[in-house]
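J.: Take any residue in the sequence shown, note its place counting from 1, add 34, and you have its number in my numbering.
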Amino acid sequence: MREFLLPKKGFRTIFVIGKGGVGKTTTSAAIATALARRGYRTLIVSLDPAHNLGDVFMVALSDKPKKLAENLYASELDMEKLIKAYLKHLENNLKNMYRYLTVINLEKYFEVLSFSPGIEEYATLEAIRNILLEGDEWDIIVFDTPPTGLTLRVLALPKISLIWADKLIEIRRKILERRRMIAKIQGEQKFVIEGQEFVLPKEEEEDPVMKELKKYREEIEFVDKVITDPNKTSVIAVMNPEMLPFYETERARESLKKFGIPFNLVVVNKVITLERDVPEIRVKLDAQRKVLEEITSKFGGIEILKIPMFPEEPRGLGWLEKLGGMVIEG
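1. In its own chain, which residues sit with a C-beta less than 7 Å from the C-beta of N254, not counting the 5 before and 5 after it?
2. Taking a contact to mean a Cβ-Cβ separation below 9 Å, would you say L210 touches S289 in this structure?
3. Should M273 go down as buried or exposed, given a rule of 16 or more other Cβ atoms within 10 Å for buried?
4. On the DSSP letters alone, give me the boundaries of the alpha helix (DSSP H) that A64 sits inside.
5. Among Y120, V176, T60, whose alpha-carbon lies nearest the alpha-carbon of L106?
6. Would you mind sorting I165 into buried or exposed? The rule is 16 or more other CB atoms within 10 Å of its CB.
7. Hey, out of T283, K318, I216, whose CA is closest to I338's CA?
8. Give the straight-line distance between the Cα atoms of K53 and L116, rounded to the nearest whole angstrom.
9. Cutting at 7 Å between CB atoms, please list the residues of its own chain near G221, excluding the five before and the five after it.
10. Report the rounded CA-to-CA distance for L77 versus V361, giving the unit in angstroms.
11. According to DSSP, what are the bridge partners of Y107?
12. Contact criterion: CB-CB distance below 9 Å. Does A103 meet it with respect to chain D?
13. Between the segment 57 to 64 and the segment 151 to 158, do three or more beta carbon pairs fall short of 8 Å?
14. Measure the C-alpha to C-alpha separation of G364 and I174 and round it to an integer number of angstroms.
15. If you count every other CB in all the chains shown that lies within 10 Å of the CB of K236, and 16 or more means buried, which is it?
16. Alpha carbon to alpha carbon, how far is I205 from E346? Give it in angstroms, no decimals.
17. Would you tell me roughly how many angstroms separate the C-alpha atoms of A217 and R207, rounded to the nearest one?
18. Comparing alpha-carbon positions, which option in F280, D241, P264, N265 lies nearest A271?
19. So, with DSSP's three-state summary, where would you put N303?
20. Under the rule that 16 or more other beta-carbon atoms within 10 Å means buried, what is T179, buried or exposed?
21. How big is the Cα-Cα spacing for K245 and R251?
22. Taking contact to mean at least 3 C-beta pairs separated by less than 8 Å, is the segment 65 to 75 in contact with the segment 352 to 361?
23. Can you tell me which of W353, E171, Y120 puts its alpha carbon nearest to the alpha carbon of S150?
24. Buried or exposed: where does L87 fall if 16 or more other Cβ atoms within 10 Å of its Cβ makes it buried?
25. What runs of the alpha helix (DSSP H), each 4 residues or longer, lie entirely inside the segment 165 to 237?
26. With DSSP collapsed to three states, give me the class of S268.
27. Exposed or buried, which one is G57 when buried takes at least 16 other CB atoms within 10 Å?
28. Would you kindly work out how many angstroms separate the C-alpha atoms of A103 and A94, rounded to a whole number?
29. Pull the bridge partners of F49 from the DSSP assignment, please.
30. Using a Cβ-Cβ cut-off of 8 Å (strictly less than) and excluding sequence neighbours within five positions of V305, which residues of its own chain qualify?
31. Using the three-state DSSP reduction, which class does L339 fall into: helix, strand or coil?
32. Taking the C-alpha atoms as reference points, what is the distance between E110 and I48?
33. Identify the continuous alpha helix (DSSP H) that holds D258 and give its terminal residues.
34. In the structure shown, what three-state DSSP assignment does F91 receive?
Below, the structure written as structure tokens:
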């Protein structure tokens with residue numbers, strides 16, 4: 035059995051990535067099914083806004099884990115609901131940090147934020163963090179991810195956010211330092227809003243903004259440590275034997291390497307194999323052969339698995355266990 039799919043220190047997280055339409059969801063479901071059948075308590079979560087996980091299992095799913103079989107649980111996260119929850123979390127934090135802003139109507143600003151670039155990525159990251167916080171409930175968590183571009187932006191966010199958090203903490207320290215200097219000269223800085231007196235904090239221990247920044251940094255660092263730990267996280271790329279998925283998988287590998295995230299396996303899905311020559315699809319087979327040669331050449335050091343094109347769509351637990359066995363057994 036492939037060791038990088040099995041839990042070592044606590045739970046194991048598996049991200050299945052790939053271009054839309056290459057069989058990513060089916061592969062994710064197959065891996066989860068096979069691992070569950072081998073006795074690992076497994077949760078599979080669809081992060082893809084275009085949910086197909088329920089269709090693969092032939093059941094209706096929600097954002098709450100649903101038991102499908104012994105040791106196997108599945109859920110589909112609602113992106114719109116995630117964004118609303120994330121913005122509500124931000125709003126509450128902002129009101130806690132700047133209590134005097136409660137006189138301002140913040141709701142209208144957060145309504146606009148729901149349409150801003152990047153909000154989907156941050157909401158997805160927050161959902162991943164919440165799932166990882168409960169990771170000890172599971173042996174293995176399989177993430178069926180959105181198409182590659184969005185997934186890579188989400189996986190890059192912890193490193194980027196840590197840089198921003200460190201910079202903001204540094205700026206906040208300078209602000210507090212200047213407040214202390216002003217207080218020595220002019221005394222306590224106080225102001226009154228709607229009859230309530232506020233004193234501007236000067237020390238890190240009493241400053242709600244600094245507390246929130248440090249808390250946020252800890253939360254992001256937790257995610258970063260999990261997804262960069264080869265004992266905790268594995269990434270499997272799914273692709274078809276075609277040039278466009280190949281190029282996208284190659285770019286994904288370079289991006290993951292840059293952010294220190296383990297990249298373990300390339301699953302080449304829907305490989306056509308024929309016992310006799312069929313002239314009508316000779317061009318297709320020649321193109322497939324060239325891509326397979328490129329995969330072998332470019333992904334040195336990465337395990338490659340070829341999955342044949344099946345005579346029917348692999349749906350339901352029986353088919354998924356068969357396909358999953360091919361992926362996890364090596």
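Cβ coordinates follow ideal geometry from the N, Cα and C atoms, glycine included.
T.: According to the data block:
1. The residue asked about is misnamed: residue 254 is Ile in this sequence, not Asn. Hits under 7 Å: P192, S195, L196, A199.
2. Cβ distance not < 9 Å, so L210 and S289 don't count as in contact.
3. Counting the other Cβ atoms within 10 Å of the Cβ of M273 gives 16 or more, which makes it buried.
4. Residues 58 to 71.
5. When each option's Cα is compared against that of L106, the closest is V176.
6. In summary, I165 is buried, with 16 or more beta-carbon neighbours lying within 10 Å of its beta-carbon over all protein chains present.
7. For the residues T283, K318, I216, the minimum Cα distance to I338 belongs to T283.
8. K53 and L116 have their C-alpha atoms roughly 23 Å apart.
9. Result list for G221: empty, nothing under 7 Å.
10. Straight-line Cα distance between these residues: approximately 17 Å.
11. Y107 pairs with L77, K101.
12. Note that chain D does not occur in the displayed structure, where there is just one protein chain.
13. No, because fewer than three Cβ pairs between the segment 57 to 64 and the segment 151 to 158 fall closer than 8 Å, the two stretches do not touch.
14. Between G364 and I174, the C-alpha separation is close to 18 Å.
15. Buried: at least 16 other Cβ atoms inside 10 Å.
16. Near 59 Å, if we compare the C-alpha coordinates of I205 and E346.
17. A217 and R207 have their alpha carbons spaced roughly 15 Å apart.
18. Ranked by how close their Cα comes to the Cα of A271, the residues F280, D241, P264, N265 have F280 in first place.
19. Strand at N303.
20. Result: buried.
21. So the two alpha carbons sit approximately 10 Å from each other.
22. Counting C-beta pairs with one atom in each stretch, the segment 65 to 75 and the segment 352 to 361 have three or more that are closer than 8 Å, which means they touch.
23. Measuring from the Cα of S150, the nearest candidate turns out to be Y120.
24. Its Cβ being crowded by 16 or more others within 10 Å, L87 is buried.
25. Listed in chain order, the complete alpha helix (DSSP H) runs (minimum 4 residues) inside the segment 165 to 237 are 182 to 220.
26. It is a strand residue.
27. It is buried - the Cβ of G57 has at least 16 other Cβ atoms within 10 Å.
28. C-alpha of A103 to C-alpha of A94: approximately 14 Å in a straight line.
29. Paired residues: F177, V269.
30. Annotation for V305: P275, Q322, L326, K340, I341, P342, M343 place their beta carbon closer than 8 Å to its own, counting only its chain and skipping 5 residues before and after.
31. Three-state result, L339: strand.
32. So the alpha carbons of these two residues sit roughly 16 Å apart.
33. 242 to 261 is the extent of the alpha helix (DSSP H) around D258.
34. F91: helix per DSSP, three-state reduction.
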